[in-house]
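These notes concern the structure reproduced below.
Written out as structure tokens, the structure is:
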């Protein structure tokens, strides 16, 4: 659910040491960060390493490994988190194909769902 | 037997709009109230940022009470989750699960609800252990009986036995009407056609569902018809859904205190083509039910790939249907823009 609303339109930006965009949790509620099992990001078909991804909400930034033991913070319902890709030199100006997948551990489900979105986002030059 | 069935809405119904900030809490409550659906149910973790891991500011709870009062509504239920898989690789220990339920009882008390909803996978022992605390706080814990489970399933019977043995009236059931799925929902079929299920296979599955063929036979037959991927997925929905009998609720009326009025689509003629609401309401009247039926729109996820769900119109149609079935003479009508407050804030 909410698959096509995961990547926020027009949110791609260049940052120091990489790039960032806004992402939403594809779920009808929020989730404690320890239950975010994985976040995968690809740009123009190239997948980033897990250790090169950062997740930031309300001024706090976490690596994916750190998130696994965060029990006092959440990715809230509809909340736009900043998803950061560490990539020396960042991205070139213009349009990029962004793929974004979230795997979450949901207590009541007999499986571990992964939900994906893909969008073309333009980076201002 | 007399009935005093009341209409309500679970704000889950408006998730497509609230997720995107197109409706605020006030928009959701006002729109529901205009429809005469004065019972408001929420999923705490949807409506309140922070809950449970980071807590909820008192100002947010105060705002909730102001909205409920402003629109003359009743706070019906806080649906809690209990993430017993919070820790990677190990289940939350029993005592911590009980403490977590108590935390949600406290939150329910802050919100002024009489009921909190437990998900069906939660063990009966956890709920029984939390029951005395719920009694103290004047709250009932209702386990949601939801497809593929149903009132004759051993897991639900185990809960019922544990509730009776506990002697507590703070434990009960919240049946989700999706378990009475008497026809394959057209919106499901259309979605499966869009993702590539051949028409012949889709037609076969709808017919097999109508004929009440066992899911495992249907899956094998679809394989034999050459079905792969999405076709198997469509057949497998029959493992998780079945046309159970609404009258099975009658044995449990003394513990049924809230109802999820699940629906996948409300057509323009005010009919839910897959869930038999006429039969359901008749059974509830027969059983002397006097709680709320809260709209729970779940067609959103079946249409969002090709159109923006219109949750408010879907809820309106269901409320018109419910009002008719309950013998009300006034037709529920929305009088202000459902996105009024979100527009003002933008």
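Protein chains in written order, with the working numbering: chain A, 1458 to 1582; chain B, 80 to 425.
Note that CB positions come from ideal geometry on N, CA and C, so glycine has one too.
Q) Closer than 7 angstroms, CB to CB, is residue 342 of chain B near chain A or not? A) Closer than 7 angstroms to the CB of residue 342 of chain B there is not a single CB belonging to chain A.
Q | Short CB-CB distance (under 7 angstroms) between residue 1502 of chain A and chain B | A | Not an interface residue.
Q. Nearest-angstrom Cα distance between residue 297 of chain B and residue 290 of chain B?
A. Roughly 11 angstroms separates the two Cα atoms.
(Q) Tell me the rounded alpha-carbon separation between residue 85 of chain B and residue 346 of chain B. (A) If I take the Cα positions, the gap works out to 22 angstroms.
Q) If you drop the 5 nearest sequence neighbours on each side, which residues of the same chain put their C-beta closer than 6 angstroms to that of residue 1575 of chain A? A) Cβ contact annotation for residue 1575 of chain A (same chain, cutoff 6 angstroms, sequence separation greater than five): 1556, in chain order.
(Q) Given this structure, state the Cα-to-Cα distance separating residue 81 of chain B from residue 153 of chain B, to the nearest angstrom. (A) Interpretation of residue 81 of chain B is limited by its pLDDT of 49, a score under 50 that renders its predicted location unreliable; no figure is taken from the coordinates.
**Q.** Interface partners of residue 198 of chain B on chain A, CB under 7 angstroms
**A.** Within 7 angstroms Cβ-Cβ: 1565.
Q.
residue 383 of chain B and residue 92 of chain B - do their beta-carbons sit closer together than 7 angstroms?
A. The beta carbons of residue 92 of chain B and residue 383 of chain B sit no closer together than 7 angstroms.
Q: Can you grab the Cα-Cα spacing for the pair residue 378 of chain B / residue 182 of chain B, in whole Å?
A: Distance between the alpha carbons of residue 378 of chain B and residue 182 of chain B is about 31 angstroms.
Q.
Just to confirm the assignment: which complete alpha helix (DSSP H) runs, minimum length 4, are found wholly within the region 286 to 322 of chain B?
A. Runs found: 294 to 303, 309 to 315.
Q) For a contact meaning CB atoms closer than 8 angstroms, what does residue 122 of chain B contact in chain A? A) By Cβ distance, chain A contributes 1485, 1486.
Q: Would you check if the distance between the CB atom of residue 236 of chain B and the CB atom of residue 212 of chain B is smaller than 7 angstroms?
A: Not a contact, by the Cβ cut-off of 7 angstroms.
Q | residue 1537 of chain A versus residue 123 of chain B - alpha carbon distance | A | A direct Cα-to-Cα measurement between residue 1537 of chain A and residue 123 of chain B gives close to 19 angstroms.
Q: Reducing DSSP to helix, strand and coil, say where residue 157 of chain B ends up.
A: The three-state secondary structure of residue 157 of chain B, taken from DSSP, is strand.
Q | Run of the alpha helix (DSSP H) containing residue 145 of chain B, from where it starts to where it stops | A | For residue 145 of chain B, the enclosing alpha helix (DSSP H) covers residues 137 to 149.
Q) So who's on the other strand from residue 1496 of chain A, going by DSSP bridges? A) Residue pairing of residue 1496 of chain A in beta bridges, as defined by DSSP: A:1559.
(Q) So for residue 375 of chain B, helix, strand or coil by DSSP? (A) The three-state reading of DSSP puts residue 375 of chain B in strand, counting E and B together.
**Q.** Three-pair Cβ contact test at 8 angstroms for the region 1530 to 1545 of chain A versus the region 1506 to 1522 of chain A
**A.** Yes, the region 1530 to 1545 of chain A is in contact with the region 1506 to 1522 of chain A.
Q. Quick one, which of B:127, B:148, B:132 has its alpha-carbon nearest residue 139 of chain B's?
A. Out of B:127, B:148, B:132, B:127 has the C-alpha closest to the C-alpha of residue 139 of chain B.
Q.
Rounded to whole angstroms, what is the Cα-Cα separation between residue 198 of chain B and residue 408 of chain B?
A. Computed Cα separation, rounded: 36 angstroms.
Q | residue 1467 of chain A, buried or exposed, once every other Cβ within 10 Å from all chains shown has been counted against 16 | A | Counting Cβ neighbours within 10 Å, residue 1467 of chain A comes out exposed, since fewer than 16 surround it.
**Q.** Under 7 angstroms between C-beta atoms of residue 267 of chain B and residue 130 of chain B
**A.** In this structure, residue 130 of chain B does not lie closer than 7 angstroms to residue 267 of chain B by Cβ.
Q.
Below 8 angstroms on the Cβ atoms is my contact criterion, and I expect residue 155 of chain B with residue 371 of chain B to pass it. Report the Cβ-Cβ distance as a whole number of Å.
A. At roughly 5 angstroms, the Cβ-Cβ gap stays under 8 angstroms, so residue 155 of chain B and residue 371 of chain B are in contact.
Q. What do you get for residue 390 of chain B, buried or exposed, if any count of 16 or more other CB atoms within 10 angstroms of its CB means buried?
A. Per the 10 Å Cβ criterion, buried.
Q | Distance CB(residue 206 of chain B)-CB(residue 253 of chain B) smaller than 7 angstroms | A | Taking 7 angstroms as the Cβ cut-off, residue 206 of chain B and residue 253 of chain B do not qualify as a contacting pair.
Q: Could you check if residue 125 of chain B is buried or exposed, using at least 16 other CB atoms within 10 Å of its CB as the buried criterion?
A: So residue 125 of chain B ends up on the buried side.
Q) Which two residues bound the contiguous alpha helix (DSSP H) that contains residue 391 of chain B? A) Per DSSP, residue 391 of chain B belongs to the alpha helix (DSSP H) from 390 to 404.
(Q) Looking at residue 261 of chain B: is its Cβ nearer than 7 angstroms to the Cβ of residue 322 of chain B? (A) Against a cut-off of 7 angstroms, the Cβ pair of residue 322 of chain B and residue 261 of chain B comes out as a contact.
Q: Taking only runs that begin and end inside the region 1511 to 1569 of chain A, name each unbroken beta strand (DSSP E) of 3 or more residues, in chain order.
A: Along the length of the region 1511 to 1569 of chain A, whole beta strand (DSSP E) runs at least 3 residues long occupy 1517 to 1520, 1538 to 1543, 1551 to 1561, reported in chain order.
(Q) Going by beta-carbon coordinates alone, are residue 271 of chain B and residue 285 of chain B separated by less than 7 angstroms? (A) Result no, Cβ atoms of residue 271 of chain B and residue 285 of chain B do not sit closer than 7 angstroms.
Q: Tell whether a beta-carbon distance below 7 angstroms holds between residue 1493 of chain A and residue 1463 of chain A.
A: Their beta carbons are not under 7 angstroms apart, which means residue 1493 of chain A does not touch residue 1463 of chain A by this criterion.
Q | Buried versus exposed, by CB contacts within 10 Å (16 or more), residue 354 of chain B | A | Per the 10 Å Cβ criterion, buried.
Q | Contact with chain A by residue 162 of chain B, beta-carbon distance below 7 angstroms | A | Under the Cβ distance rule, residue 162 of chain B counts among the residues neighbouring chain A, one pair being separated by less than 7 angstroms.
Q) How would you call residue 303 of chain B, buried or exposed, if buried means at least 16 neighbouring beta carbons within 10 angstroms? A) Flag for residue 303 of chain B reads exposed.
Q: Can you say whether residue 385 of chain B is buried or exposed, counting buried as having 16 or more other CB atoms within 10 angstroms of its CB?
A: Burial state of residue 385 of chain B is exposed, judged by a 10 Å Cβ sphere holding fewer than 16 other Cβ atoms.
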